[in-house]
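A.B. asks: Sharing a structure here in structure tokens format.
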Amino acid sequence: ETLNGLYKAEVIHRLGPWKTGEAVELATLEWVAWFNHHRLLEPIGNIPPAEAEANYYQQLAKTL
Numbered sequence: 003e004t005l006n007g008l009y010k011a012e013v014i015h016r017l018g019p020w021k022t023g024e025a026v027e028l029a030t031l032e033w034v035a036w037f038n039h040h041r042l043l044e045p046i047g048n049i050p051p052a053e054a055e056a057n058y059y060q061q062l063a064k065t066l
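Residue 11 in the numbering used here sits at position 9 of the sequence shown, and the numbers go up by one each step.
Okay, structure coming up:
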């Protein structure tokens, strides 16, 4: 629910009204890319979630 609310507030309501479904789809894809690859999260060291995931799997591979 929190993620959906954030998405609606940051994309749907802030950037609308929308003329086409394709415009919503493109804005959604751009937001998801930002959310996963550019948004910095303090609890994981001020890095994006995708970077934290990559670091995790690198460390895991070293222990195998």
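Every residue gets a Cβ at the ideal spot worked out from N, C-alpha and C, and that includes glycine.
Bear in mind the structure is a predicted one, so any value in this text is a computation, not a measurement.
State whether the region 5-16 contacts the region 26-35, with contact taken as three or more CB pairs (one from each stretch) at a distance under 8 angstroms.
C.D. replies: Yes: at least three Cβ pairs fall under 8 angstroms.
A.B. asks: So, does the region 49-60 touch the region 32-41, judging by three or more C-beta pairs under 8 angstroms?
C.D. replies: Output reads yes: the region 32-41 touches the region 49-60.
A.B. asks: Return the CA-CA distance between Ala56 and Ala63, expressed in angstroms with no decimal places.
C.D. replies: Between Ala56 and Ala63, the C-alpha separation is close to 11 angstroms.
A.B. asks: For the alpha helix (DSSP H) containing Asn6, list its first residue and its last residue.
C.D. replies: Its alpha helix (DSSP H) spans residues 4-9.
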